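In what follows, a single structure is set out as C-alpha cells and then discussed.
Number of protein chains: 2
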Amino acid sequence: MSANSRLTIAAHALAWISLYQRQGNEVATSEQIASSANTNPVVIRRLLGELRRAGLVESRRGAGAGWSLARGLESMTLLDVYEAVEPGPLFGMHRATPDQGCTVGYGIQPAMRGIYDGIEETLRRELARVTLEDVLRDVLAAPR
Amino acid sequence: MSANSRLTIAAHALAWISLYQRQGNEVATSEQIASSANTNPVVIRRLLGELRRAGLVESRRGAGAGWSLARGLESMTLLDVYEAVEPGPLFGMHRATPDQGCTVGYGIQPAMRGIYDGIEETLRRELARVTLEDVLRDVLAAPR
DNA sequence: CCTGGTCGCAACATTTGCTGTTACGACTGA
DNA sequence: TCAGTCGTAACAGCAAATGTTGCGACCAGG
C-alpha cells in the first residue's frame, strides 16, 4: 500500500495550530507549521486549503495573516480529516476492465466492491472514534 | 490514497484458479489468468509468486506447467492475501523527521503510530472475516 | 535426447500520485 | 504605501505499481 503522509501531516498541522492558539496567539503561519513538520510551506497551505474547504480551519489574508481553527479539536475526528485530504477508495479495482466474457472477469468487480465497501465503512467508524483532541493529548503525553 | 489493485488482482487469480480446477483441470497458466484479468502474464506470475511464498498456491514448471491452489478457498482469507501482497503500513509518517525541538514535532509520530496501529488491527480483523470462498460465491452470484 | 510450453526473474519503460520548489499575483493590517 | 502572508499555477523529483521484453531453467511427452 502506498504510504502517503497526508493524514499525518494534516493532524500535525491541526495539533500545532491548536497548541499555538492555547499559548495566546491568534493565527499560525504555514511557514511556522512547515518548520515543525519539516516540509515546505506550500505543502502545508495545500493541505490546510483542503481542510478549510471541509470547514475545519479558517485562513486570514493580508498582513498578520495565517491559519486558525474553525472549531474545537474535540469536535474534529480523524474521519473528518481523512475525508478532507484522502481522495480515493482504499483498494483499487483492475486498471483495465477484466474479460466480461469470463465468469470471474464478469463477477469479480461487483463482488469486491461489495466487500470493500463494508471494510471501508468499518475503517471510517474507527477513524471517527478518534478526535484531534485525543491526538493532541497523545502528542503531549510523549515522554521527554 | 493510492488505489492499488494488487489485492483485487490476487483475489481474481485465486478465484479463477479455483473455478478452473472445479471444472476438472489440473493447473492454470499465468497466460489464461492474465487474459481474464486483462493484464500481462508477468504481472500475474509476480503476484502468484508472492502468494506461493505465503503458502497459498503452488506452481509446477516444465511442460504442462501452471498454478494450483495449495489448499481450499474456504481456508484462505483476504487477510492472508493482503499480507502476502501488500508490503507497507496503511498510513505513512512524515517523509522527513519533524522538528524534535518542537513539542508537536517531537510527540506526533509516537502518537500517530499508536492510533494507526489500532486502526490497522481493526482492518486486519475485517479482512480475516472474508474467505476467498466467500469471494468466489459473490462472483458467481453476479446477475447475468 | 529433443522439443515445445511454461515458469522465474531481471531489466527497463510507462504511468500515476505525492511531495518539493519556485514564482507571482491578491490581499490587508499597520 | 508597504511588508508579510495566503492562493495557486507550473514544474521538477521521486517512489511505487504496472506493463513489456527477453531469456535461461525446467520438464512432460514424444
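Chains W and U supply the protein sequences, listed in that same order. Under the numbering used here, the first residue of the first sequence is numbered 1, with each subsequent residue one higher. Under the numbering used here, the first residue of the second sequence is numbered 1001, with each subsequent residue one higher. We put the CB at the ideal spot given by N, CA and C, even for glycine. Please read these numbers as outputs of a predicted model, since none were measured by experiment.
Drop a sphere of 10 angstroms on the beta-carbon of D1138(U), count the other beta-carbons inside from all chains shown, and report buried for 16 or more, exposed for fewer.
buried
Given H12(W), which residues of its chain have a CB within under 8 Å of its CB, disregarding the five upstream and five downstream residues?
I33, S36, A37
What's the gap between the Cα of Q1100(U) and the Cα of L1051(U)?
41 Å
State the DSSP-derived secondary structure class of R1124(U), mapped to helix, strand or coil.
It is helical.
Assign V81(W) to one of three DSSP states: helix, strand, or coil.
helix
Using 8 Å as the cut-off, can you tell me whether the stretch 1041–1056 of chain U makes contact with the stretch 1088–1096 of chain U, which would need three or more C-beta pairs spanning the two stretches below that distance?
No: fewer than three Cβ pairs fall under 8 Å.
Quick check on DSSP: helix, strand or coil for E86(W)?
Correct three-state label for E86(W): coil.
Strictly under 8 Å for the Cβ-Cβ distance: is W1016(U) near chain W by that measure?
yes
DSSP three-state label for S2(W), please.
Confidence at S2(W) is low in this model, with a pLDDT of 44, below 50, so the placement of that residue is unreliable and no value is reported for it.
Thinking C-alpha only, which one of N4(W), L123(W), V27(W), T29(W) is nearest T146(W)?
Nothing in the structure corresponds to residue 146(W), since chain W is present only between 1 and 144.
I'd like to know whether the C-beta atoms of L1047(U) and G107(W) end up nearer to each other than 8 Å.
no
Between which two residues does the alpha helix (DSSP H) carrying G968(U) extend?
Outside the modelled stretch of chain U, which goes from 1001 to 1144, sits residue 968(U), for which no answer is possible.
For N1038(U), return the contacting residues in chain W, with the cut-off set at a CB-CB distance below 9 Å.
H94, R95, A96, T97, P98, D99, G105
Taking the beta carbon of R60(W) as the centre, do at least 16 other beta carbons fall within 10 Å, making it buried, or is it exposed?
exposed
Tell me, please, whether the CB atom of E1126(U) is closer than 8 Å to any CB atom in chain W?
yes
Reducing DSSP to helix, strand and coil, say where E1133(U) ends up.
helix
Report the three-state DSSP secondary structure of V1027(U) (helix, strand or coil).
coil
Mind listing the chain W neighbours of G1114(U)? Cutoff is C-beta to C-beta under 9 Å, in chain order.
D138
Chain U partners of A11(W), CB-CB under 8 Å?
Listed along chain U, the residues sitting closer than 8 Å to A11(W) by beta-carbon distance are I1108, M1112.
Would the beta-carbon of L73(W) fall within 8 Å of that of T1103(U)?
no
Taking the DSSP output, what are the residues bridged to R1061(U)?
DSSP lists no partner for R1061(U).
Can you pull the chain W neighbours of L1007(U), defined as C-beta to C-beta under 7 Å?
F91
Give the residues of chain W in contact with V1130(U), contact being defined as C-beta atoms less than 9 Å apart.
Within chain W, the residues near V1130(U) are I115, G118, I119.
Got a sec, what are the start and stop residues for the alpha helix (DSSP H) E1050(U) sits in?
1041–1053
Can you give me the Cβ contacts of V1135(U) inside the same chain, cut-off strictly under 7 Å, excluding the 5 residues immediately before and after it?
Within the same chain, A1011, A1015 come within 7 Å of V1135(U) by CB-CB distance, once the 5 residues on both sides are set aside.
From the beta carbon of T1122(U), is the nearest beta carbon of chain W less than 8 Å away?
yes
Classify A1015(U) as helix, strand or coil using the three-state DSSP reduction.
A1015(U) falls in the helix class under three-state DSSP.
Is E133(W) near I1119(U), with beta carbons less than 8 Å apart?
no
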